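Just so we're aligned, residue 64 is where the sequence shown starts under this note's numbering, counting upward by one. We put the CB at the ideal spot given by N, CA and C, even for glycine. Since the structure is predicted, the reported quantities are computational estimates derived from the model, not experimental observations. Written out below as structure tokens is the structure these notes cover.
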Amino acid sequence: MDKKLALAVIASGRGSNFEALAAACRDDRFPARIAILLTDNPEAGALAVAEAFGIERAVVDCGPKKGSMSPDASERMAALCGERGVGLVCLAGFMRIVKGELMRAFRGRMINIHPALLPSFKGLDGQRQALEYGVRYAGCTVHFVDEGVDTGPILVQRVVPVSQEDTVESLSARILAEEHIAYPMAVRLIAEGRVRADGRRVFIHDDD
Ligand code: GRF
């Protein structure tokens with residue numbers, strides 16, 4: 064019997080976080096595997112990543128409304144996940160707010176990665192928002208997904224100092240490198256059953 068936690072990754076773009084997860088899952092000792100890559104974007108770089116890793120992939124038309132997903136698309140994604148025994152949905156640059164059946168079916172079992180230290184700089188361009196605000200420390204956050212935009216309970220954060228010379232590009236690149244560590248780390252914690260959420264606070268049990 065396959066004891067690994069089955070993941071679905073949902074991405075709209077480049078797919079570097081998906082790739083970091085796929086690379087982590089290639090290790091036999093990693094406690095999760097990727098069952099399917101879902102995207103709303105037939106042009107997504109993530110599709111080529113899935114192909115390279117031999118991971119099943121599906122494009123689901125989420126409707127014309129930017130940032131939102133149609134009820135049909137939500138049902139379709141939930142069904143694709145359900146049929147594959149997915150236990151955790153990982154949003155990785157999915158540019159739509161999850162609602163409908165997917166939200167209902169995976170509440171508490173869906174996480175997202177955001178390129179800022181939440182609750183600061185929610186929404187688009189977190190790195191630019193942080194730089195323009197003038198913070199000394201930026202970073203990334205893996206959090207559970209709720210109905211809001213980047214509002215769910217926080218699981219993992221990694222901090223990146225901001226330097227005087229930083230541009231949006233240089234800061235984004237350093238944050239991205241931390242994202243690629245943070246996301247597999249968060250998945251591992253959940254897959255090992257070490258995470259307990261109590262309201263907004265997420266408790267992580269030490270290894271025995
Ligand atoms: C990342 O910066 C992630 O934090 C944000 O969207 C971006 C996706 O990048 N949610 P990639 O497609 O994983 O390379």
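- DSSP assignment within the stretch 146-186 yields the following whole beta strand (DSSP E) runs of 3 residues or more, N-terminal first: 151-154 and 173-177.
- Taking 3 residues as the minimum length, the beta strand (DSSP E) runs contained wholly in the stretch 81-154 are 95-102, 120-122 and 151-154, in order along the chain.
- Taking 7 Å as the cut-off, the C-beta of residue 267 does not count as close to any heavy atom of the ligand GRF.
- Put simply, of 183, 107, 185 and 171 the residue whose alpha carbon is nearest the alpha carbon of residue 258 is 171.
- Using a Cβ-Cβ distance cut-off of 8 Å, the stretch 229-248 and the stretch 190-204 are in contact, since at least three pairs of beta carbons, one from each stretch, lie closer than that value.
- Note that the stretch 85-102 touches the stretch 113-120; at least 3 beta-carbon pairs, one per stretch, sit closer than 8 Å.
- Rounded to whole angstroms, the gap between the alpha carbons of residue 89 and residue 227 is 38 Å.
- Between residue 128 and residue 234, the alpha-carbon positions lie close to 30 Å from each other.
- Relative to the Cα of residue 73, the nearest Cα in the group 201, 108 and 92 belongs to 108.
- When beta bridges are read from the DSSP output, residue 220 appears opposite 204.
- Boundaries for residue 250: no beta strand (DSSP E) harbours it, while the alpha helix (DSSP H) harbouring it runs 231-254, taken from the DSSP string.
- The ligand GRF never approaches residue 125 closely enough for any of its heavy atoms to be under 7 Å from the residue's Cβ.
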